Amino acid sequence: MTGSALSTAQGVLQKEILKRRTFAIISHPDAGKTTMTEKLLLYGGAIQMAGSVKAKRGKKFATSDWMELEKQRGISVTSSVMKFPYEGHEINLIDTPGHQDFSEDTYRTLTAVDSALMLIDGANGVEAQTKKLFEVCSMRKTPVMAFINKMDRESRDPFDLIDEIEKVLGIACFPVTWPIGMGQRFRGVYDRQREQLLIFEKDAERSRPVALTELGLYSPEVDAELGTEVAAELREQVEILSAGETFDRERYLRGELAPVFFGSALNNFGVQTLLDALVEIAPPPVQRPASQRPVKPLEPKFTAFVFKIQANMDPSHRDRVAFMRIVSGKFERGMKAWHVRLKREARLGRPTQFMAQDRSLVDEAYAGDIVGVHDPGIFKIGDTLSEGEELIYTGI
């Protein structure tokens, strides 16, 4: 390859890798994870209509809840990997099992992500499973942002919720959005970064933004929209917040500060703001520790590790799929890789990416992507694949 061709290839590699955002949702069961997954996919255009998690008694189920066991329990247990485009980025969402029986699988899933979204029920605050999963993220220094859900129902005081996250989980919080009322009186949120109101309208596909003048919260539009009393209360609360934490992206990336959002996933409220933030501030693929050296995502040579093996993903025939997280370089269909544990080449057959039930063959994938490959019985969780280097990824 000539110097200019090499430079072009490296430029393409860098551009593709910097587009990736790979994250998981961590939550206690029933905090709304399945609904949130659906809504994120809806905004990403991956599904046309986020469908009726409410109608569990009928025949409809959340797109990410697609195996028989999940249909019986109404929980996500497959760790399905869903890929969708959003605003010029490629989002890889890993659906972590939420049921306490499946904690080991969930912990392993968290080795494959670069950041996490912590979903909290506004009525219940920090619950046991959330705490356990957050501790795994904290141990790995994985950046976490939080979404306080179900604000259209009766919830706890938002200051109390922020205080609980900080005290119980030991992480500083910066509320990016702030709720205006709750339950029947829930009017929307104030976006502190963009200085705009987002008005809640039940069953609307998107929230209605109200741009404010240079006067910000003190502009007359706020009183006109919310009424004098509610507007005054909001101003007072935002004043209190301004005396607290400032947003520092570096602290977020180190896992020391959580940006916090409020909303209602079921009603599509606050989800788009969250997704915008994920693209803007969540990290692209990060370097990974290996036994010999840390590996940077922009290195041209392909490396990956297996973090999950799943059987019977295709109802038409029995199969085993090994899910691998690409750590560096580029994967191409038909390539062989060095299987470090077995010390031999391995064919990476039937490379597949998933959108819940829908699977599509992959021609190419980059660092940050998750690819499922056919497992003829040669893969174990923790296996490293490379282009010849004797690397072993650690901590899986």
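Note that the working numbering has the sequence shown beginning at 1466, numbered continuously upward.
Every residue gets a Cβ at the ideal spot worked out from N, C-alpha and C, and that includes glycine.
Values in this document were obtained by computation on a predicted structure and should not be read as measured data.
Of the listed residues the options, nearest to residue i (C-alpha basis)
i	options	result
Glu1852	Gly1794, Lys1498 and Gln1649	Gly1794
Ser1620	Met1604, Gly1587 and Glu1631	Gly1587
Ile1559	Gly1860, Thr1849 and Val1836	Val1836
Val1797	Ala1830, Pro1765 and Ser1825	First, the residue type needs correcting, since residue 1797 is Glu and not Val in the sequence shown. If we check each option's Cα against that of Glu1797, Ala1830 comes out closest.
Gly1635	Cys1602, Glu1666 and Gln1649	Cys1602
Ile1861	Glu1660, Asn1732 and Glu1569	Glu1569
Thr1576	Thr1561, Gly1590, Ile1585 and Thr1502	Thr1561
Ser1825	Val1838, Gly1833 and Ala1832	Val1838
Other residues of its chain near residue i: CB distance less than 6 Å, five sequence neighbours each side excluded
i	result
His1493	Glu1592, Gln1594 and Thr1595
Ala1776	Arg1785
Lys1548	Asn1557 and Gln1818
Gly1476	none
Lys1606	Gly1720
Same chain only: Cβ atoms within 8 Å of residue i, ignoring 5 sequence neighbours per side
i	result
Glu1715	none
Lys1801	Glu1810, Ala1811, Arg1812 and Leu1813
Ile1774	Arg1785, Val1786, Ala1787, Phe1788, Asp1840, Phe1844, Lys1845 and Ile1846
Leu1691	Ile1645, Arg1652, Leu1662 and Leu1699
His1554	Lys1484, Arg1485, Arg1486 and Val1744
Thr1859	Pro1754, Ala1755 and Ser1756
Three-way DSSP call (helix, strand, coil) for residue i in this model
i	result
Met1583	strand
Gln1649	helix
Thr1499	helix
Gln1752	coil
Gln1475	helix
Asp1840	coil
Ser1825	strand
Asp1688	helix
Ala1832	coil
Leu1850	strand
Leu1875	Since the displayed the chain opens at 1466 and closes at 1861, residue 1875 lies outside it and no answer follows.
Gly1681	helix
Ile1857	coil
Lys1766	coil
Check whether residue i and residue j have beta carbons under 9 Å apart
i	j	result
Gly1847	Phe1767	no
Pro1724	Phe1712	yes
Ala1496	Val1578	no
Arg1673	Val1687	no
7 Å Cβ shell around residue i - same chain, five flanking residues per side excluded
i	result
Ile1857	Ala1755, Ser1756, Val1805 and Thr1849
Met1616	Gly1587, Pro1644, Met1647, Phe1651, Phe1727, Gly1728 and Ser1729
field: Three CB pairs or more closer than 8 Å across the stretch 1469–1485 and the stretch 1748–1759
entry: yes
message: Does the contact criterion of 3 or more C-beta pairs under 8 Å hold for the stretch 1616–1635 versus the stretch 1678–1686?
response: no
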